[in-house]
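Peer 1:
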Amino acid sequence: MKQILAGMVLALLAACTLQTYPGVKEAPVAPESAPQPAQSAPTCPVCPVPPKPEVPGPAASAPTPPPPAAPFSAAQWSELPDWSRDKLDEAWPGLLASCKAMRQPEVKAAWMLVCEAAQALGSKPSTAQVRSFLETWLAPQQIVNADGGREGLITGYYEPLMHGSRWKSAKNPVPVHGVPEDMLQLDLAEVYPETKGLRLRGRVEGRKVLPYWSRAQIESQGETFAAKTLLWVNDPVEFFFLQVQGSGQVQLADGSRVRIAYADQNGHPYKSIGRWLIDKGELTLAQAGMVGIQNWARANPQRLSELLNANPSYVFFREESANGEGPKGSLGVPLTAGRAIAVDTRMVPLGAPVFISFALPDGKPMQRMVLAQDTGGAIRGRVRADFFWGFGAEAGKLAGQMRQQGRMWLLWPKGAALPVVTN
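Numbering (mature numbering (1 follows the signal peptide of the UniProt record, and there is no 0)), first residue to last: -20 to -1, 1 to 403.
1. CA-CA distance, LYS104 and GLY235?
2. Where do the N-terminal and C-terminal ends of the alpha helix (DSSP H) with ASP244 fall, by residue?
3. What's the C-alpha gap between LYS344 and LEU263?
4. Relative to the C-alpha of PRO314, which residue among ARG283, VAL328, MET349 and ASP354 is closest?
5. With three or more beta-carbon pairs closer than 8 Å as the criterion, would you say the stretch 205 to 223 touches the stretch 300 to 312?
6. Among MET346, PRO329 and ASN152, whose alpha-carbon lies nearest the alpha-carbon of GLY318?
7. In or out: LYS188 buried (at least 16 other Cβ within 10 Å) or exposed?
8. Could you check if SER149 is buried or exposed, using at least 16 other CB atoms within 10 Å of its CB as the buried criterion?
9. If you reduce the DSSP assignment to three classes, tell me which class GLN229 lands in.
10. So, helix, strand or coil for GLN84, using DSSP?
11. What do you get for GLU139, buried or exposed, if any count of 16 or more other CB atoms within 10 angstroms of its CB means buried?
12. What separation, rounded to the nearest whole angstrom, lies between the Cα atoms of LEU(-16) and GLU161?
13. Can you find the residues in the same chain that come closer than 6 Å, C-beta to C-beta, to ALA71, ignoring five residues on each side of it along the sequence?
14. Any chance you could list the alpha helix (DSSP H) runs of at least 4 consecutive residues sitting entirely within the stretch 343 to 385, in chain order?
15. Compare the Cα-Cα distances from ALA50 to each of ARG362, LYS394 and LEU391 and report the closest residue.
16. If we require 3 or more residues per run, which beta strand (DSSP E) segments fall completely within the stretch 76 to 157?
17. Where do the ends of the beta strand (DSSP E) carrying VAL334 lie?
18. Report the three-state DSSP secondary structure of GLN56 (helix, strand or coil).
19. TRP212 lies in the beta strand (DSSP E); which residues open and close that run?
20. Please look up how many angstroms separate the CB atoms of GLN121 and ALA55, rounded, as I've assumed it's under 8 Å.
21. Is MET327 helix, strand or coil when you go by DSSP?
22. One question on the structure: do ALA379 and PHE367 come within less than 9 Å of each other, judged by their Cβ atoms?
23. Once you ignore the five residues that flank ALA126 on each side, which residues in its own chain have a CB closer than 7 Å to its CB?
24. Looking at C-alpha atoms only, which residue of VAL224, VAL238, THR316 and PRO281 is the closest neighbour of SER293?
25. Going by other Cβ atoms of all chains shown within 10 Å of its Cβ, with 16 needed for buried, is LYS208 buried or exposed?
26. Ordered along the chain, which non-local residues of its own chain (more than five positions away) have a Cβ less than 6 Å from that of ASN246?
27. Is the stretch 323 to 334 close to the stretch 279 to 289, with three or more CB pairs under 8 Å?
28. Give the single residue among GLY272, ARG283 and GLY226 whose Cα lies nearest to the Cα of LYS306.
29. Which residues in the same chain as TRP256 place their Cβ atom closer than 6 Å to its Cβ, once the five residues preceding and following it in sequence are excluded?
30. How many angstroms separate the CA atom of ALA89 from the CA atom of GLN231?
31. Taking all protein chains shown into account, decide if PRO393 is buried (16 or more other Cβ within 10 angstroms of its Cβ) or exposed.
32. So, for SER106: in the same chain, excluding its five sequence neighbours on each side, which residues have a beta-carbon less than 7 Å away from its beta-carbon?
33. With a CB to CB cut of under 7 Å and the five nearest residues on each side skipped, what residues in its chain are close to PHE338?
34. For ILE253, collect the residues of the same chain with a Cβ closer than 6 Å to its Cβ; drop the 5 residues on either side in sequence, then sort them by chain order.
35. With respect to the alpha helix (DSSP H) encompassing LEU257, which residues constitute its N-terminal and C-terminal limits?
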């Protein structure tokens, strides 16, 4: 059984690996017993003495890389840019929601007394009351990259609106799939700890468990693919970006709307199609935003499949009511526009408040407390966040422009052990 599990792990890790490296081959070595050619005696009366070969000194050892920097640096509230001006009452509902949804035992333990005090303060405190509460119960910890840097990438995401139908038509040819019936969710961390935190998804073929189908393989199966089709939508490129965002709304012909929310993913790593276009020389870095990619796709319809299949990741959905609240993030609570971010949970626990500081593309500062309530396949690293802009076209425009450098501070209960960082 353990050999079977080992095979499963190796196959699935091959699908989950973000980067691969070529193998290194050793040069062949002659066997020690190989006969040596005979040496003839010198015929000259006096032969020159060959110079004594230099004996090489000890090989210089490669410098030892410095250890990664400590992930947190204690800070003062006064060090947070414009902390005193933030309208903290706007973030309070998100904090209360996080308190109810925290799942990790060590995180719940750290926050238990803080959350009890927060509930006692009520649902609508003033900004001054929230600021006093936070400064009493929490302490800011600036997040530091492994190389010691304190800035990182801040991107943006949103909830898009698409048009669609309950049935397939020439107008709506793109399927929205639910979770496939044949996809396995594998948790092997108890036997193979190195797989902890990996999203392992597989399928059974005979007596083997193989990585689940990639995007290209799913698309090639068409309507024979083993998953329920929830809806049909009108545009493959817009649907691709909806998959990247993680959720969206679909307006039907009768004017009603339904929300399609993230349900699962095929286990393959996310790969940027913008980066693919840059590497192919099709777009520059400045052009490879959402609008630039959409324009390229419409100008090159014959290469659309090639473009989209450059990202093997594929997201599956569930249908929810569009009830006026934001979409639910990975924490399971509705996201508030402008007050929620997606993070790398190896660094920042889901549910924790974070103070974030960056400049918008137009140069205006964005400095506020947000809640870490979501995750994303492309969100990897210490100082790294995806800022949630909300619903609709305007939010999409703002999100599509985002690729900013910024700083982050974790707001953590005083006296509680800091999170264990694994990245």
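We put the CB at the ideal spot given by N, CA and C, even for glycine.
Peer 2: By the coordinates alone:
1. Indexing the sequence shown from 1 puts residue 104 at position 124. Indexing the sequence shown from 1 puts residue 235 at position 255. The straight-line gap from Cα to Cα measures roughly 35 Å.
2. The residue you call residue 244 lines up with position 264 of the sequence shown. In this chain, ASP244 is not harboured by any alpha helix (DSSP H); it is covered by the beta strand (DSSP E) spanning 237 to 245.
3. Counting from 1 along the sequence shown, the entry for residue 344 is found at position 364. Counting from 1 along the sequence shown, the entry for residue 263 is found at position 283. Each residue's alpha carbon lies about 27 Å from the other.
4. Taking the sequence shown and counting its residues from 1, one reaches residue 314 at position 334. Comparing alpha-carbon positions, the option among ARG283, VAL328, MET349 and ASP354 lying closest to PRO314 turns out to be ASP354.
5. The answer is no - the stretch 300 to 312 does not touch the stretch 205 to 223, with fewer than three Cβ pairs under 8 Å.
6. Residue mapping note: residue 318 aligns to position 338 of the sequence shown, counting from 1. For the residues MET346, PRO329 and ASN152, the minimum Cα distance to GLY318 belongs to MET346.
7. Mapped onto the sequence shown, residue 188 falls at position 208. With fewer than 16 Cβ atoms within 10 Å of its Cβ, LYS188 is classed as exposed.
8. Translated into positions along the sequence shown, residue 149 becomes position 169. Flag for SER149 reads exposed.
9. Here residue 229 refers to the residue found at position 249 of the sequence shown. In this structure, GLN229 counts as strand in the three-state DSSP scheme.
10. Looking up residue 84 in the sequence shown gives position 104. GLN84: coil per DSSP, three-state reduction.
11. Start at 1 with the first residue of the sequence shown, and residue 139 comes out as number 159. Looking at its Cβ environment, which holds 16 or more other Cβ atoms inside 10 Å, GLU139 is buried.
12. Working through the sequence shown from its first residue, we reach residue -16 at position 5. Working through the sequence shown from its first residue, we reach residue 161 at position 181. Model confidence at LEU(-16) stands at a pLDDT of 48, short of 50, so the residue's coordinates are unreliable and nothing is read from them.
13. Locating residue 71 in the sequence shown gives position 91, where the first residue counts as 1. Hits under 6 Å: ARG319 and MET349.
14. The stretch 343 to 385 contains, as complete alpha helix (DSSP H) runs of 4+ residues, the segments 373 to 380 (chain order).
15. Position 70 of the sequence shown, counted from the start, is the residue given in the question as residue 50. A check of alpha carbon separations from ALA50 across ARG362, LYS394 and LEU391 identifies ARG362 as the nearest.
16. The stretch 76 to 157 contains these whole beta strand (DSSP E) runs: 118 to 123, 132 to 139, 141 to 145 and 154 to 157.
17. As a first step, residue 334 is located in the sequence shown; it is residue number 354 there, counting from the start. Here the beta strand (DSSP E) through VAL334 covers 333 to 339.
18. Here residue 56 refers to the residue found at position 76 when the sequence shown is read from its first residue. DSSP places GLN56 in coil when its eight states are reduced to three.
19. Along the sequence shown, read from residue 1 onward, the residue named residue 212 stands at position 232. That run of the beta strand (DSSP E) goes 209 to 213.
20. For the purposes of this step, residue 121 is taken as residue 141 along the sequence shown, with counting starting at 1. For the purposes of this step, residue 55 is taken as residue 75 along the sequence shown, with counting starting at 1. Right, their Cβ atoms sit about 6 Å apart.
21. Locating residue 327 in the sequence shown gives position 347, counting from the first residue. Assignment of MET327 by DSSP, reduced to helix, strand and coil, places it in the coil class.
22. In the sequence shown, residue 379 corresponds to position 399, counting from 1. In the sequence shown, residue 367 corresponds to position 387, counting from 1. Yes.
23. Along the sequence shown, read from residue 1 onward, the residue named residue 126 stands at position 146. So the qualifying residues of the chain are PRO48, ALA49 and ARG362.
24. In the sequence shown, the residue the question calls residue 293 occupies position 313. Of the candidates VAL224, VAL238, THR316 and PRO281, the one whose C-alpha sits nearest the C-alpha of SER293 is VAL224.
25. Numbered from its first residue, the sequence shown carries residue 208 at position 228. LYS208 comes out exposed.
26. Sequence index remark: in the sequence shown, residue 246 carries index 266 (1-based). Once the five neighbours on either side are set aside, the close Cβ partners of ASN246 are ARG181, TYR192 and TYR294.
27. Under the 8 Å Cβ criterion, the stretch 323 to 334 does not count as touching the stretch 279 to 289, having fewer than three qualifying pairs.
28. Translated into positions along the sequence shown, residue 306 becomes position 326. With the sequence shown as reference, residue 306 is identified as Gly, and Lys is not the correct amino acid for it. The shortest Cα separation from GLY306 among GLY272, ARG283 and GLY226 belongs to GLY226.
29. Within the sequence shown, numbered from 1, the residue matching residue 256 stands at position 276. Closer than 6 Å at the Cβ level, and outside the excluded window around TRP256, lie ALA290.
30. Residue numbering aside, residue 89 sits at position 109 when the sequence shown is read from its first letter. Residue numbering aside, residue 231 sits at position 251 when the sequence shown is read from its first letter. Rounded to whole angstroms, the separation of the alpha carbons of GLN231 and ALA89 is 42 Å.
31. For this step, residue 393 is matched to residue 413 along the sequence shown. When all chains shown are included, PRO393 counts as buried.
32. Position 126 of the sequence shown holds residue 106. Hits under 7 Å: ASP69.
33. In the sequence shown, the residue the question calls residue 338 occupies position 358. Correct list, in chain order: ILE134, MET346, GLN384, GLN385 and GLY386.
34. Position 273 of the sequence shown, counted from the start, is the residue given in the question as residue 253. These residues qualify, in order along the chain: LEU287, ALA290 and ASN291.
35. Mapped onto the sequence shown, residue 257 falls at position 277. Counting along the chain, LEU257 sits inside the alpha helix (DSSP H) bounded by residues 253 to 259.
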